[in-house]
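Please read the structure below before turning to the comments.
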Amino acid sequence: MAPRVNSVAWDHFTDKGQQMAECNICKIQLSFKSSVSNLTKHIKRKHPFVSLVRRNDVPAPVITSQTNQQPPISDQSAGIVQQPGGEQRPSTNLLQCVDSTKQLDGLMLCLKFRSSYGLLLDLKTSLAVNKSIRNLRNMPSTPVMLDTIPKVDIDNSGIFKYILMRVYDKNKEEEPPVTIVRGYKRCNYHSDIFDEVQEKLHPHDCEVLGGGRISHDSDLKQIQIYGYSQGFGKADHDVTAKIIKDFYPDYTITTSDEGY
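Here the UniProt record's numbering is used: position 199 in the sequence shown is 199, and no number is missing along the way.
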């Protein structure tokens with residue numbers, strides 16, 4: 001068959017009949033017709049290290065009187081070295097190519113290992129940080145001294161709910177409690193104010209004496225205290241006014257039992 005005679009591709013394929021050929025390297029079967037171009041393309045694409053030049057096509061060495069001193073003739077594309085005297089040996093370039101491939105595979109394996117090891121270190125560090133944060137959260141907080149607690153903490157302007165509270169130091173029963181006023185627009189309910197303040201002042205005991213509303217006009221320096229809390233009842237607005245007056249001495253403060 002002409003294709004077998006003329007094409008070097010048949011050095012690497014076996015004719016399986018019915019215009020099918022099997023690759024001697026990877027055992028895959030390919031079809032062919034009058035030409036074997038697809039077989040040649042397969043060798044070039046899948047097995048680029050395989051030579052498509054016959055040994056007989058390699059130029060013969062020139063014989064001179066100094067043949068014994070002639071260096072080997074290397075055909076890098078064919079992977080063959082023509083030694084003096086006609087002896088042919090595999091080119092070291094092919095062996096170097098195989099060794100380089102192994103080295104590249106080893107390098108990729110090392111990089112993958114280092115990447116995985118780095119991820120493990122990051123995870124270990126993250127877990128350690130989270131554990132430290134949890135330990136800090138679980139540590140008992142140092143209670144704020146009663147005499148350092150601000151008597152008044154309300155928003156600078158607007159209309160908002162407020163509560164009148166009494167704070168006790170449960171570790172010092174002989175110490176008198178502190179009465180404070182707290183009011184914020186961000187809290188929709190009087191109970192929201194209590195929850196927020198109680199968390200801040202923990203572990204002190206907090207008692208709500210009542211609630212109401214505050215209208216604060218910082219431009220006119222006026223504060224009106226009125227209304228009540230459905231959950232805690234009405235606070236003593238006169239007590240609230242006195243505490244706020246000490247905090248805002250230049251303000252005009254009025255109270256009323258009307259409204260909600």
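A virtual CB, placed ideally from N, CA and C, is assigned to each residue, including glycine. Here the structure is a predicted model, which means the values were calculated and not measured.
* Asked: Nearest-angstrom Cα distance between Y251 and Q222?
  -> Using only the alpha carbons, I get a separation of about 6 Å.
* Counted within 10 angstroms of its Cβ, other Cβ atoms place F194 as buried (16 or more) or exposed -> Buried is the label assigned to F194, since at least 16 other Cβ atoms lie within 10 Å of its Cβ.
* Boundaries (first-last residue) of the beta strand (DSSP E) holding A9 -> From DSSP, A9 is part of no beta strand (DSSP E); its letter is neither H nor E.
* Nearest CA to the CA of Q198: which residue from K185, Y226, L164? -> For the set K185, Y226, L164, the Cα lying nearest the Cα of Q198 is the one of L164.
* To do: Express the C-alpha separation of Y168 and D257 in angstroms, rounding to a whole number.
  => Distance from the CA atom of D257 to the CA atom of Y168, rounded to whole angstroms, is 28 Å.
* Taking C-alpha atoms, which residue in L39, K33, S35 lies nearest to E22? -> Shortest Cα-Cα distance from E22 to any of L39, K33, S35 involves L39.
* Asked: Assuming Y228 contacts Y184 under a Cβ cut-off of 8 Å, what Cβ separation, rounded to an integer in Å, is found between them?
  -> Actually they are not in contact, since the Cβ atoms of Y228 and Y184 sit about 18 Å apart, beyond 8 Å.
* Check each candidate in F32, R186, N171 and name the one with the smallest Cα separation from H204. => Ranked by Cα distance from H204, the options F32, R186, N171 are led by N171.
* Terminal residues of the continuous alpha helix (DSSP H) containing H216? -> Here H216 belongs to no alpha helix (DSSP H); instead the beta strand (DSSP E) covers 205-217.
* **Residue span of the alpha helix (DSSP H) that contains S191, given as start and end** => Secondary structure note for S191: its alpha helix (DSSP H) is the uninterrupted segment 190-201.
* Spatial neighbours of S31 in its chain, beta-carbon cut-off 7 Å, leaving aside the 5 residues before and after -> Within the same chain, S31 has close Cβ partners Q19, M20.
* Asked: In three-state DSSP terms, what is D153?
  -> Collapsing the DSSP output to three states places D153 in a strand.
* Closer than 8 Å by C-beta to Q29: which residues in its own chain qualify, once you throw out the five before and the five after it? Chain order, please. => Excluding five sequence positions before and after Q29, the CB atoms of its chain that fall closer than 8 Å to its own CB belong to K16, M20, A21, E22, C23, given in chain order.
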